[in-house]
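Remarks on the structure that follows.
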Amino acid sequence: MSKATPFSKILIANRGEIALRIQRSARELGYRTVAVYSSADRAARHVVEADQAVCIGEALPAQSYLNIDRIVDAARRAGADAVHPGYGFLAENPALAKACADAGLVFIGPSAEAIEAMGHKARAKQLMEQAGVPCVPGYQGQDQSEQRLHLEADDIGYPVMIKATAGGGGRGMRLVESTDTFLEALASARSEAQSAFGDPEVILEKAIVEPRHVEIQVVADRHGKALHFGERDCSVQRRHQKVVEEAPSPAVDQALREQMGETAVRAVQAIGYEGAGTLEFLLDGEGRFYFMEMNTRLQVEHPVTEAITGVDLVALQLRVAAGEALALEQDDIRFRGHAIEVRLCAESPRQGFMPQSGTLVRWRAPRTLRVDSALRDGAEVPPFYDSMVAKLIAWGENRDEARRRLATGLEELVALGVETNQGFLARCLRDPVFAAGEATTAFVEQRQADLLHQDEEHGQQLRALAAALLYLTDSGAGSARSGLSSRLPLIVRYQLRDEDGAATLTRLRADRLQVVVEDVVTEFGLLGFTADGVRLERGGVVETVPLARRGDVLHFLHGGEGYSVTDRTYAAAAQGAADGGDGRVRASMNGRLVSVAVSEGQRVEAGEAVLTLEAMKMEHVHRAGVGGVVSVISAAEGDQVAAGRMLVEIEADASEESKPE
1 MSKATPFSKI LIANRGEIAL RIQRSARELG YRTVAVYSSA DRAARHVVEA
51 DQAVCIGEAL PAQSYLNIDR IVDAARRAGA DAVHPGYGFL AENPALAKAC
101 ADAGLVFIGP SAEAIEAMGH KARAKQLMEQ AGVPCVPGYQ GQDQSEQRLH
151 LEADDIGYPV MIKATAGGGG RGMRLVESTD TFLEALASAR SEAQSAFGDP
201 EVILEKAIVE PRHVEIQVVA DRHGKALHFG ERDCSVQRRH QKVVEEAPSP
251 AVDQALREQM GETAVRAVQA IGYEGAGTLE FLLDGEGRFY FMEMNTRLQV
301 EHPVTEAITG VDLVALQLRV AAGEALALEQ DDIRFRGHAI EVRLCAESPR
351 QGFMPQSGTL VRWRAPRTLR VDSALRDGAE VPPFYDSMVA KLIAWGENRD
401 EARRRLATGL EELVALGVET NQGFLARCLR DPVFAAGEAT TAFVEQRQAD
451 LLHQDEEHGQ QLRALAAALL YLTDSGAGSA RSGLSSRLPL IVRYQLRDED
501 GAATLTRLRA DRLQVVVEDV VTEFGLLGFT ADGVRLERGG VVETVPLARR
551 GDVLHFLHGG EGYSVTDRTY AAAAQGAADG GDGRVRASMN GRLVSVAVSE
601 GQRVEAGEAV LTLEAMKMEH VHRAGVGGVV SVISAAEGDQ VAAGRMLVEI
651 EADASEESKP E
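So, in structure tokens, the structure goes:
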């Protein structure tokens with residue numbers, strides 16, 4: 001039996017909301033904390049609120065949060081005697097666990113051997129099969145030739161899932177529907193796996209059609225005891241990335257819960273696991289479950305388990321790492337009520353969920369929910385890291401109560417300045433399929449049209465409100481604050497998100513404004529300004545609109561979604577085609593140029609891949625808007641580029657130039 005390994009100061013090798021979450025439990029148990037940060041996070045909350053902080057490098061993760069030597073050196077300099085990896089970055093990298101052990105630091109997590117064994121999908125699957133855990137049929141052999149993999153896929157039968165053996169988070173993963181598309185998907189998965197994990201090896205699995213994604217939370221101590229804390233349902237996903245998580249699962253009854261829990265406990269005991277971990281399963285419509293992978297760390301969605309069990313999982317991690325035996329018995333773990341979590345991400349659902357970055361000018365979290373975030377007014381959302389910026393969690397006596405509370409709280413959230421998936425998440429929660437507890441991993445794809453749709457009436461109201469708010473917050477002539485009472489019509493031109501528009505505004509009286517947009521007349525009554533917004537009456541309904549204005553740009557909340565509108569009344573008309581129709585391929589976001597697929601003088605066709613940008617851990621392919629010859633390439637692989645920057649210029653064919661607009 002291993003002896004206790006006491007520690008007193010914990011370095012948290014992570015950033016953002018999870019760093020703050022770990023700080024909270026650490027302080028409650030009497031530990032001091034050390035934050036690490038990159039140059040992009042110098043003023044971040046997790047840095048300010050730690051007892052000490054150490055800069056470990058530049059903004060790119062490879063130069064800071066993924067640099068093991070700098071993390072260990074930071075612990076040494078700050079006098080920390082333990083390291084908590086959080087999740088993401090190095091949390092499942094056995095090299096960090098080994099480096100900590102070599103440096104005499106307590107690693108708050110499993111051993112390097114356990115991380116390595118379960119982090120490699122092929123070896124993990126073999127270990128689980130030996131432990132009697134049901135696994136998805138597939139191939140995890142050493143022969144990685146295209147021919148062998150193609151033959152194995154044909155033998156398994158389509159649809160087949162290709163998975164990077166060292167992967168996670170949906171990267172290096174492709175669903176293949178037929179033998180004709182297998183080799184193309186294999187090349188794409190390997191390329192992404194090599195870029196993300198430095199290892200192109202893959203395994204193949206039979207794709208379980210429209211399953212539930214159900215995972216079991218476990219904690220094991222070094223004395224051979226392991227417990228499970230029930231299941232979480234993570235079926236609502238987009239591109240294999242979890243969007244909504246809940247506990248318990250609507251598809252799991254008590255008998256199945258006990259069966260899955262006992263299987264998970266048996267699995268971790270078979271490998272001598274220590275610490276918190278999660279076994280992820282696919283659950284089919286007949287109640288059969290299959291091992292998918294194990295996450296050897298704390299999960300993003302751990303708060304829903306905490307909410308229904310009343311157990312602080314981070315505190316348990318710290319106690320186990322210090323050598324304490326688990327004081328709980330399996331029968332002590334009781335489940336009460338229901339909890340649901342959503343991941344708020346800086347991304348644009350209307351633009352294919354493209355990652356966003358910038359300054360969050362206003363942040364107000366609903367008090368009715370648990371909100372894990374590192375956000376505040378003026379917080380920077382950098383383009384270098386994961387797009388998730390906050391988690392919102394609701395608990396209720398039953399599932400519908402939790403769902404209603406979360407949807408309402410989410411619609412009240414004020415997150416202005418950076419576009420998020422706030423509205424998309426609320427529509428997921430209110431969708432009848434999700435409300436009925438019937439969502440599978442196909443939910444987002446099948447319901448996407450409804451989840452992204454906004455009717456024309458909503459659009460007209462939005463445009464009228466945007467024009468009115470621009471007028472009312474203008475610090476110059478026409479401002480409600482200035483007391484101007486002129487009733488002459490005023491034309492306001494604006495850009496709402498990416499669309500140009502115009503409105504005619506008339507001051508009917510000091511507290512009444514008429515707005516005409518596309519021949520639709522809307523009247524607003526001004527009831528006064530508040531600290532965070534303006535109170536307006538429209539159609540007999542009074543509401544407060546949260547807002548923040550910075551120069552010509554106004555940010556406001558409407559219908560549970562944040563918007564940005566720019567005053568273009570006195571601006572010159574914009575030139576150029578943003579979509580590349582002018583032959584110029586521009587960066588669609590702030591990011592790093594990871595590959596250029598063309599060279600100067602090369603001929604390309606419209607729609608052909610030209611370059612790939614990486615932002616917030618996702619790769620985004622940019623394609624030629626026209627056919628022609630590449631005349632200019634203005635950036636090199638590895639460059640960090642700003643949104644809108646021209647990267648490739650194509651001299652369009654004469655036939656392309658002559659096409660009518």
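The numbering of the sequence shown is UniProt numbering, which starts it at 1 and goes up by one. Glycine included, each C-beta is placed from N, C-alpha and C at the ideal position.
Quick one: grab the DSSP three-state call for A251.
Within the sequence shown, numbered from 1, the residue matching residue 251 stands at position 251. Coil.
Short Cβ contact (9 Å threshold) for E92 with N295
In the sequence shown, counting from the first residue as 1, residue 92 sits at position 92. In the sequence shown, counting from the first residue as 1, residue 295 sits at position 295. Yes, these two residues count as a Cβ contact at 9 Å.
So, are the CB atoms of V236 and L149 less than 9 Å apart?
Stepping through the sequence shown from its first residue, residue 236 is reached at position 236. Stepping through the sequence shown from its first residue, residue 149 is reached at position 149. No, Cβ-Cβ distance for V236 and L149 is not below 9 Å.
Would you call S8 buried or exposed, if buried means 16 or more other Cβ atoms sit within 10 Å of its Cβ?
Position 8 of the sequence shown, counted from the first residue, corresponds to residue 8. Exposed, by the Cβ-count rule.
Short of 6 Å in beta carbon distance, which residues of its chain neighbour S485, apart from the five on each side in sequence? Order them along the chain.
Taking the first residue of the sequence shown as 1, we reach residue 485 at position 485. A caution first: S485 carries a pLDDT of 49, below 50, which makes its placement in the model too unreliable to give a value.
For V517, I'd like the list of residues in its chain whose CB is within less than 6 Å of its CB, leaving aside the five on either flank, ordered along the chain.
Counted from its first residue, the sequence shown places residue 517 at position 517. R463, A464, A503.
Once you ignore the five residues that flank L375 on each side, which residues in its own chain have a CB closer than 7 Å to its CB?
Here residue 375 is taken as the residue at index 375 of the sequence shown, counted from 1. If we look at L375 and ignore the five residues flanking it on each side, its Cβ neighbours are L360, W363, V389, A390.
Using a threshold of 9 Å, state whether the C-beta atoms of L505 and A466 are closer than that.
Taking the first residue of the sequence shown as position 1, residue 505 is located at position 505. Taking the first residue of the sequence shown as position 1, residue 466 is located at position 466. No, these two residues do not count as a Cβ contact at 9 Å.
Separation of M128 from A153, as counted between CA atoms:
Start at 1 with the first residue of the sequence shown, and residue 153 comes out as number 153. Start at 1 with the first residue of the sequence shown, and residue 128 comes out as number 128. Those two C-alpha atoms are separated by around 22 Å.
Whether or not the segment 41-60 and the segment 100-109 are in contact is what I'm after, with contact meaning three or more pairs of Cβ atoms, one per stretch, closer than 8 Å; do they touch?
no
Work out the CA separation of G170 and R239 for me, nearest whole Å.
The count along the sequence shown starts at 1 and reaches residue 239 at position 239. The count along the sequence shown starts at 1 and reaches residue 170 at position 170. Cα to Cα, R239 sits roughly 6 Å from G170.
Do I162 and K206 have their C-beta atoms closer together than 9 Å?
Position 162 of the sequence shown, counting from 1, holds the residue named residue 162. Position 206 of the sequence shown, counting from 1, holds the residue named residue 206. Not a contact, by the Cβ cut-off of 9 Å.
Assuming contact is defined by CB atoms lying nearer than 9 Å, are G528 and V521 in contact in what I supplied?
Translated into the one-based positions of the sequence shown, residue 528 becomes position 528. Translated into the one-based positions of the sequence shown, residue 521 becomes position 521. No, Cβ-Cβ distance for G528 and V521 is not below 9 Å.
Out of curiosity, what's the CA-to-CA distance linking V218 and F443?
Position 218 of the sequence shown, counting from 1, holds the residue named residue 218. Position 443 of the sequence shown, counting from 1, holds the residue named residue 443. So the two alpha carbons sit approximately 27 Å from each other.
Decide if N398 is buried, meaning its Cβ has at least 16 other Cβ atoms within 10 Å, or exposed.
The residue labelled residue 398 in the question sits at position 398 within the sequence shown. By the 10 Å Cβ count, N398 comes out exposed.
What distance in whole Å lies between the Cβ atoms of V598 and Q495, which are believed to be in contact at a cut-off of 8 Å?
Within the sequence shown, the letter at position 495 stands for residue 495. Within the sequence shown, the letter at position 598 stands for residue 598. At roughly 31 Å, the Cβ-Cβ gap does not stay under 8 Å, so Q495 and V598 are not in contact.
By how many angstroms is the C-alpha of D51 removed from the C-alpha of P489?
Locating residue 489 in the sequence shown gives position 489, counting from the first residue. Locating residue 51 in the sequence shown gives position 51, counting from the first residue. The alpha-carbon atoms of P489 and D51 are separated by roughly 58 Å.
Euclidean distance between Cα positions of G230 and P303
By 1-based counting over the sequence shown, the position of residue 230 is 230. By 1-based counting over the sequence shown, the position of residue 303 is 303. Taking the straight line from one Cα to the other gives about 13 Å.
Can you name, in chain order, every residue of its own chain whose Cβ lies under 8 Å from the Cβ of G483, other than the five neighbours on each side?
For the purposes of this step, residue 483 is identified with residue 483 of the sequence shown, where counting begins at 1. Caution applies to G483, whose pLDDT of 40 falls short of 50 and renders its modelled position unreliable; the model cannot decide the point.
Indicate whether the contact test is met: 3 or more Cβ pairs, each with one atom in the segment 304-318 and one in the segment 327-341, closer than 8 Å.
yes
Considering only the beta carbon of each residue, do E637 and S195 sit closer than 9 Å?
Here the question's residue 637 lines up with position 637 in the sequence shown. Here the question's residue 195 lines up with position 195 in the sequence shown. Cβ atoms of E637 and S195: not closer than 9 Å.
Please report the distance separating the alpha-carbon of Q142 from that of L60.
Within the sequence shown, residue 142 is the residue found at index 142, counting from 1. Within the sequence shown, residue 60 is the residue found at index 60, counting from 1. Roughly 33 Å separates the two Cα atoms.
Go through its chain and collect everything with a Cβ distance to D372's Cβ below 6 Å, but skip five positions before and after it.
By one-based count along the sequence shown, residue 372 stands at place 372. Once the five neighbours on either side are set aside, the close Cβ partners of D372 are E17, R21, K391.
Could you check where the beta strand (DSSP E) with H302 kicks off and where it finishes?
Position 302 of the sequence shown holds residue 302. First-last for H302: 302-309, but that is the alpha helix (DSSP H), not the beta strand (DSSP E).
Let's test the definition: count the other Cβ atoms within 10 Å of the Cβ of D500 and tell me whether it reaches 16, buried, or not, exposed.
Within the sequence shown, numbered from 1, the residue matching residue 500 stands at position 500. With fewer than 16 Cβ atoms within 10 Å of its Cβ, D500 is classed as exposed.
Starting from V371, trace the beta strand (DSSP E) both ways and give me its first and last residue.
What you label residue 371 is simply residue 371 of the sequence shown in a count that begins at 1. Segment 370-373, the beta strand (DSSP E) holding V371.
For the alpha helix (DSSP H) holding H46, just list the boundary residues, first then last.
Your numbering for residue 46 matches position 46 in the sequence shown. Element bounds for H46: 45-48.
I'd like the list of long-range same chain contacts for V553, defined as Cβ closer than 7 Å, with 5 residues on each side in sequence excluded.
Here residue 553 is taken as the residue at index 553 of the sequence shown, counted from 1. The answer, listed in chain order, is S564, T566.
Closest to P382 by C-alpha separation, out of T368, P366, G358, D400, would be which residue?
Here the question's residue 382 lines up with position 382 in the sequence shown. When only C-alpha atoms are compared, the closest one is G358.
Since E614 is in the beta strand (DSSP E), which residue starts that stretch and which ends it?
Locating residue 614 in the sequence shown gives position 614, where the first residue counts as 1. Element bounds for E614: 609-615.
Would you call the segment 543-561 and the segment 581-592 touching, i.e. three or more CB-CB distances under 8 Å?
no
Hey, I71 and A13 are a contact pair by Cβ (cut 8 Å); roughly how many whole angstroms apart?
Walking along the sequence shown from the start, residue 71 turns up at place 71. Walking along the sequence shown from the start, residue 13 turns up at place 13. That pair is a contact at about 5 Å.
Rounded to whole angstroms, how far is the Cβ of L613 from the Cβ of R645, which I believe are closer than 8 Å?
Here the question's residue 613 lines up with position 613 in the sequence shown. Here the question's residue 645 lines up with position 645 in the sequence shown. Wrong, their Cβ atoms sit about 10 Å apart, outside the cutoff.
I'd like to know if A548 contacts chain B, where contact means its C-beta is closer than 9 Å to some C-beta of that chain.
In summary, chain B is missing from the structure at hand, where a single protein chain is found.
Alpha carbon to alpha carbon, how far is E419 from S588? Give it in angstroms, no decimals.
For the purposes of this step, residue 588 is taken as the residue at position 588 of the sequence shown. For the purposes of this step, residue 419 is taken as the residue at position 419 of the sequence shown. Approximately 14 Å between the Cα atoms of the pair.
Can you name the start and end residues of the alpha helix (DSSP H) that Q514 belongs to?
Counted from its first residue, the sequence shown places residue 514 at position 514. Counting along the chain, Q514 falls outside any alpha helix (DSSP H), though it belongs to the beta strand (DSSP E) covering 512-517.
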